[in-house]
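Undergrad:
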Amino acid sequence: MTVAKKTLLFSKPSAKVRRDLRERAVEIVLFLAALTSVATTIAILAILLYESILFFQKVPLWKFITDTQWTPLFDDKHYGILPLISGTLVTTVVALLVAVPIGTIAAIYLSEFAPVVVREVVKPALELLAGIPTVVYGYFALLFVTPLLQVFLPDLPGFNMLSAGIIIGIMIIPYVSSLSEDAMRAVPSYLREGSYATGATRLQTALRVVLPASISGISAAYILAISRAVGETMVVAIAAGGQPNLTWNPMEPAQTMTAYIVSVSLGDLPHGSLEYETIFAVGLTLLLITLSFNIIGHFLTKRYREIY
Amino acid sequence: MTSANIHKIRNIINRNKRAEFIFSIIGLLAMLTGIIALMVLVIDLISDGFPRLDWQFFTSFPSRKPEQAGIFSAWVGSILVMLVTASVAIPVGIASGIYLEEYAKKNWLSDLIEINVTNLAGVPSIIYGLLALGLFVYGLNLGQSILTAGLTLALLVLPVVIVTTREALRAVPGSIREAAYACGASKWQMIWDHVLRYSTGTILTGIIVALARAIGETAPLVTIGALTFIAFLPDPPIQGQFPYISFAWLLAPFTVLPIQMFDWVSRPQEEFQVNAAAAGVVLIALTLVMNAVAIYFRYRLRKNIKW
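Chains as they are written, first to last, in the numbering used here: chain E, 1 to 308; chain H, 309 to 615.
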């Protein structure tokens, strides 16, 4: 390049230079937007860890894990997470007992038996279940399911984990059925055809060929459902009762981790008090539980995608 | 083959046919359980709450007397919060979707962002409430305001917008990109003038789903301390005098429909629970209509576009 040409290039920015600059600027703006998600994660971890560290400076971790009472707002203060864990576990198990069989059978039916028209109509209709606000589900659990259950179980208290768990189960059916169906449909058709060729019926093919072949995708769906059930808040805050209660009986009232955070937030807690820090410690526990499930689910999904 | 053998085989075939028939009945029932539950829920809510839905209910503030209480401040609050959520989540979500799909090189940073988006989608919503409490309310001193609520919900639904944007962009075939480049378009011109235009429908579907989720979300707003008893409206955004536009409403305390419903359903009096049902009817109508529109959109788009 001659000197003359070079000076021309720098004295008057050509259209190309301006265009390159604009391209660069656009890319940087888009990149910054993409970083928002990373920043959100960092902020979540930083805030939960910061407040939890303040909490654990006053309450030993050992006490947090082993104490069987959770009464941070009473005069006789105890900080044992176990009652909240038991409440969360019981509602989750009830929810899974509802969602896993119904969701899996519905998925098998949708993927292997149902005519295309039925599938096209039913799948989106099931997805509507996931779109209903959780506070509405809470209303339904408290004022419809509990009275209904009390017809059969007269001793059932007005607040209980059973109806909350059942409603969470109905709520997460679409997560189980939709993802399981996707996994089953990803099974290549030559496996099915091979099975039919040996004389197997549709049901035998579904249960002994398609189901085992898609097992990692289906378990990923279950794990996602567990994670949803553990993190669900409004249903348990409305229908399960507000007392932390170390029990494994779903017919009793109890409080979950999420419901505790809600109940404390409703009162006006002074910023920086130990009670204020408890919700972050509980939140961190909840995040660690759901995060580990999400990671397991992520790997399972990856595995089933790699096979075919 | 002896006739005894044939008989045996026929028996097996009959048994298998019976098993298949029974299973298809069970499958049909399982499939319908969810849909029946949905219908029962909606019918129960409507039968409890519909009589309460009148003009007075929409234009009254909450009150200690259940028959005078209404959802005026709640639906105004919901609209204003959604306004903030949409104006943050839509541009940021689409921009990060475009970056991840069109620009990101395959390296550790883009992997990190990608894993992040997946993980954020699985974080319970109440955790976002804790984030907002620590960051927006006390960290940035935005208070328990409409702005805080809108930002919180925006972060919450961001993964939905990002994921649908990426799927929409991925569906646009490479030939369109190549055609744009061949005409001399730059990368951004190619994306803005061509790829984005073709994917607008799908992105819009994602935005509707995201906003439908945000409008029904309760837990994170309870955590930041949304009030349940608001008997006034925030400053209107458009004013009579100069400078005509006011942003004071952003920092006003607020309530939203789900919070109002939660407050009523938690009260022991039956009259308040009728109000809760009525608010629930409004809420469920909003979210179901939005979701249905999104599903219809998706169906139409899938049918029409053939590359």
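Glycine is no exception: its CB is placed at the ideal position from the N, C-alpha and C atoms.
In the DSSP assignment, the alpha helix (DSSP H) including E:L84 goes from what residue to what residue?
TA: It spans 82-108 - the alpha helix (DSSP H) in which E:L84 sits, taken as one unbroken run.
Undergrad: So which residues on chain B does H:M498 lean against when the C-beta distance must stay under 8 Å?
TA: Annotation note: the requested chain B is absent from the structure, which comprises protein chains E and H.
Undergrad: Quick one: what does DSSP say E:W248 is sitting in, helix, strand or coil?
TA: Of the three classes helix, strand and coil, the one that applies to E:W248 here is coil, per DSSP.
Undergrad: Determine, using beta carbons only, whether E:G165 and E:V90 come nearer to each other than 8 Å.
TA: Their beta carbons are under 8 Å apart, which means E:G165 touches E:V90 by this criterion.
Undergrad: What does E:S37 touch in chain H if you count any residue whose Cβ is under 8 Å from its own?
TA: By Cβ distance, chain H contributes S404, I421, N424, V425, L428, L466, P467, I470.
Undergrad: Looking at the unbroken alpha helix (DSSP H) that takes in H:L443, where does it start and where does it end?
TA: Looking at the DSSP string, H:L443 is not in any alpha helix (DSSP H), and its letter there is neither H nor E.
Undergrad: What do you get for E:A15, buried or exposed, if any count of 16 or more other CB atoms within 10 angstroms of its CB means buried?
TA: Exposed, because fewer than 16 other Cβ atoms sit within 10 Å of the Cβ of E:A15.
Undergrad: In whole angstroms, give me the CA-to-CA distance for E:L126 and E:L288.
TA: When rounded, the distance between both Cα atoms is 29 Å.
Undergrad: Hey, how far is the Cα of H:T473 from the Cα of H:I515?
TA: Roughly 9 Å separates the two Cα atoms.
Undergrad: Between E:M1 and the rest of its own chain, which residues show a CB-CB distance below 7 Å, the 5 nearest in sequence each way excluded?
TA: Note that E:M1 has pLDDT 46, beneath the 50 cutoff, so the model's placement of it is unreliable and no number is given.
Undergrad: Look at the alpha carbon of H:A403 and the alpha carbon of H:E422, and state the distance between them as a whole number of angstroms.
TA: Cα to Cα, H:A403 sits roughly 14 Å from H:E422.
Undergrad: With 8 Å as the threshold, decide whether the Cβ of E:Y308 is near any Cβ in chain H.
TA: Any reading at E:Y308 must be qualified, since the residue scores a pLDDT of 49, below 50, and its modelled position is unreliable; the value itself is stated next. It does not; no Cβ of chain H falls within 8 Å.
Undergrad: Might you give, ordered along the chain, the residues of its own chain that have their beta carbon closer than 8 Å to the beta carbon of H:F366, omitting 5 neighbours on each side?
TA: So the list reads G378, I379, F380, W383, once near-sequence residues are dropped.
Undergrad: Along chain H, in chain order, which residues have C-beta atoms closer than 7 Å to that of E:N294?
TA: Result: N427, G430.
Undergrad: Would you report the Cα separation of E:L110 and E:Q204, rounded to the nearest angstrom?
TA: Those two C-alpha atoms are separated by around 16 Å.
Undergrad: What residues from the segment 214-237 of chain E come within 9 Å of chain H, judged by C-beta to C-beta, listed N to C?
TA: Hits within the stretch, in order: L224, S227, R228, V230, G231, E232, T233, M234, A237.
Undergrad: Does H:N599 come within less than 8 Å of chain E when only Cβ atoms are used?
TA: So yes, H:N599 belongs to the interface.
Undergrad: The alpha helix (DSSP H) spanning E:F113 covers which residue range?
TA: Note, E:F113: premise wrong, no alpha helix (DSSP H); not H, not E.
Undergrad: At 7 Å on the CB atoms, spell out the chain H contacts of E:S265, in chain order.
TA: Residues of chain H passing the Cβ test: V530, T531, G533.
Undergrad: Would you report the Cα separation of E:T258 and H:N449, rounded to the nearest angstrom?
TA: Cα to Cα, the separation comes out at about 25 Å.
Undergrad: Ignoring anything shorter than 4 residues or poking outside the segment 489-515 of chain H, list the alpha helix (DSSP H) runs there in chain order.
TA: Entirely contained in the segment 489-515 of chain H, the alpha helix (DSSP H) runs reaching 4 residues are, in chain order, 495-498.
Undergrad: Kindly confirm or deny that the segment 219-228 of chain E and the segment 131-138 of chain E touch, where touching means at least three C-beta pairs closer than 8 Å.
TA: Counting Cβ pairs under 8 Å, fewer than three are found: no touch.
Undergrad: Distance cutoff 8 Å, beta carbons only. Does E:Y109 sit that close to anything in chain H?
TA: For E:Y109, the answer is yes, since a Cβ of chain H falls inside 8 Å of its Cβ.
Undergrad: May I ask you to list, following chain order, the residues of the segment 432-453 of chain H that have a beta carbon less than 9 Å from some beta carbon of chain E?
TA: Cβ contacts with chain E: P432, S433, I434, I435, Y436, G437, L438, L439, L441, G442, L443, V445, Y446, G447.
Undergrad: According to a CB-to-CB cut-off of less than 7 Å, which residues of the segment 380-409 of chain H neighbour chain E?
TA: The residues in question are V400, A403, S404, I406, Y407, L408.
Undergrad: Anyone know if the C-beta pair for E:E107 and E:E27 falls short of 8 Å?
TA: Residue identity check: residue 107 of chain E is Ala in the sequence provided, not Glu. No, they are not a contact pair.
Undergrad: Using the beta-carbon count (16 or more within 10 Å), is E:Y308 buried or exposed?
TA: For E:Y308, the predicted model reports a pLDDT of 49, less than 50, meaning its position is unreliable and no value from the coordinates is stated.
Undergrad: What's the gap between the Cα of E:W311 and the Cα of H:I532?
TA: Not covered by the structure: residue 311 of chain E. The range shown for chain E is 1 to 308.
Undergrad: Identify the contact partners of E:T134 in chain H, using a Cβ-Cβ distance below 9 Å as the criterion.
TA: Going along chain H in sequence order, the residues near E:T134 (Cβ under 9 Å) are S433, G524, E525, T526, A527, P566.
Undergrad: Any C-beta of chain H sitting closer than 8 Å to the C-beta of E:Y196?
TA: No, no contact with chain H.
Undergrad: Hey, how far is the Cα of E:G80 from the Cα of H:A527?
TA: Approximately 23 Å, taken between the alpha carbons.
Undergrad: I want to verify the contact list: residues of chain E whose CB lies under 9 Å from the CB of H:Q581, in sequence order.
TA: Going along chain E in sequence order, the residues near H:Q581 (Cβ under 9 Å) are Y139, L142, L143.
Undergrad: Looking at the C-beta of E:V262, does it have a partner C-beta in chain H at a distance below 8 Å?
TA: Yes, E:V262 counts as interfacial toward chain H.
Undergrad: 8 Å is my cut-off, CB to CB: does E:V26 come that close to chain H?
TA: Chain H, which has a Cβ nearer than 8 Å to the Cβ of E:V26, makes this yes.
Undergrad: Run through the segment 136-219 of chain E for me and flag every whole alpha helix (DSSP H) of 4 or more residues, listed as ranges in chain order.
TA: Whole alpha helix (DSSP H) segments, 4+ residues: 146-152, 161-185, 189-197, 202-205.
Undergrad: What does a CB cutoff of less than 7 Å around H:E375 pick up in its chain, not counting 5 residues either side in sequence?
TA: Result list for H:E375: E579, in chain order.
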